[in-house]
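Enquirer: Everything in the sequence shown is counted per the UniProt record's numbering, starting at 1 for the first residue and increasing by one.
Quick reminder that beta carbons are idealized off the backbone N, C-alpha and C, glycines included.
Predicted model only: the values in this text are computed from it and were never measured.
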Amino acid sequence: MWTGEKVRLRGVEPEDWEGFRDLAQNTLDVRNADLVDPPRSAESFRSWTAERAGRPPGGEAFRLVVEALADHAFSGSVTVGETDSRAGRFKTGIEIIRDHRRKGYAAEATELVLTYMFAEQRYNKCEAEVYAFNDASLALYRRLGFVEEGRLRQHGFFAGSYHDVVLLGITAAEHWATHQRPSVR
Numbered sequence: 001m002w003t004g005e006k007v008r009l010r011g012v013e014p015e016d017w018e019g020f021r022d023l024a025q026n027t028l029d030v031r032n033a034d035l036v037d038p039p040r041s042a043e044s045f046r047s048w049t050a051e052r053a054g055r056p057p058g059g060e061a062f063r064l065v066v067e068a069l070a071d072h073a074f075s076g077s078v079t080v081g082e083t084d085s086r087a088g089r090f091k092t093g094i095e096i097i098r099d100h101r102r103k104g105y106a107a108e109a110t111e112l113v114l115t116y117m118f119a120e121q122r123y124n125k126c127e128a129e130v131y132a133f134n135d136a137s138l139a140l141y142r143r144l145g146f147v148e149e150g151r152l153r154q155h156g157f158f159a160g161s162y163h164d165v166v167l168l169g170i171t172a173a174e175h176w177a178t179h180q181r182p183s184v185r
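(1) At the level of alpha carbons, what is the spacing between R86 and M117?
(2) On the DSSP letters alone, give me the boundaries of the alpha helix (DSSP H) that V7 sits inside.
(3) Judging by CA-CA distance, which residue of E120, K103, L152 is the nearest neighbour of A136?
(4) Could you tell me the alpha carbon to alpha carbon distance between A159 and A173, rounded to whole angstroms?
(5) Excluding five sequence neighbours on each side, which residues of the same chain lie with their C-beta closer than 6 Å to the C-beta of G93?
(6) For L152 and Y131, I'd like the C-alpha separation in whole angstroms.
(7) With a floor of 4 residues, list each alpha helix (DSSP H) that falls wholly inside the region 40 to 123, ordered by position along the chain.
(8) Considering F158, what are the terminal residues of the beta strand (DSSP E) in which it resides?
(9) What are the boundary residues of the alpha helix (DSSP H) that H175 is part of?
(10) First and last residue of the alpha helix (DSSP H) that includes A132?
(11) For a test of the three-state rule: what should DSSP assign to L144, helix, strand or coil?
(12) Quick one, which of Y141, V7, S47 has its alpha-carbon nearest E13's?
(13) With DSSP collapsed to three states, give me the class of L19.
(14) Going straight from the alpha carbon of V147 to that of G169, what length do you get?
(15) Between the alpha carbons of M1 and L140, how many angstroms are there, rounded?
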């Protein structure tokens, strides 16, 4: 369930701090996903990562490491958050280190999370929020079957101006229409 053809999803380990630091070092990448923070110390990354490594698995929000099967390298992370079990919805996000992009890792990691949340946790819908200028992420989610559901105009401010956020979603039925349901073994 947690391993595809290219990546394996696993829990955060304390030694992953350098990978998370690498994800945060490119301002343009961080801006595509979120707000740019001031520089952080290595100790800050070590303690942040150690705290996450100590959290119990699953829950309403979690982060998993995306590990490349070819060399077992830290390739990025995938998150689940803002879960609403009553309504059957959750949000997801993905970030991949620059050197590991364009290899299908983001798509496969997202598909693994969708399969888990739909098949094991009984959620019905996944949502993603992407800045309108982030063409690569928009293309990724659309390729995975997500549908644009709306746009939050001038929703975020950074780099001196306001930016729109595109809301995308995929239902379990839409996901299963293009993916095989997991079998019981």
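Expert: Per the coordinate set shown:
(1) 14 Å
(2) Note, V7: premise wrong, no alpha helix (DSSP H); beta strand (DSSP E) at 7 to 10.
(3) K103
(4) 39 Å
(5) T79
(6) 9 Å
(7) 42 to 53, 105 to 119
(8) 147 to 158
(9) 172 to 178
(10) Counting along the chain, A132 falls outside any alpha helix (DSSP H), and DSSP gives it neither H nor E.
(11) coil
(12) S47
(13) For the record, residue 19 in the displayed sequence is Gly; it is not Leu. DSSP places G19 in helix when its eight states are reduced to three.
(14) 5 Å
(15) 21 Å
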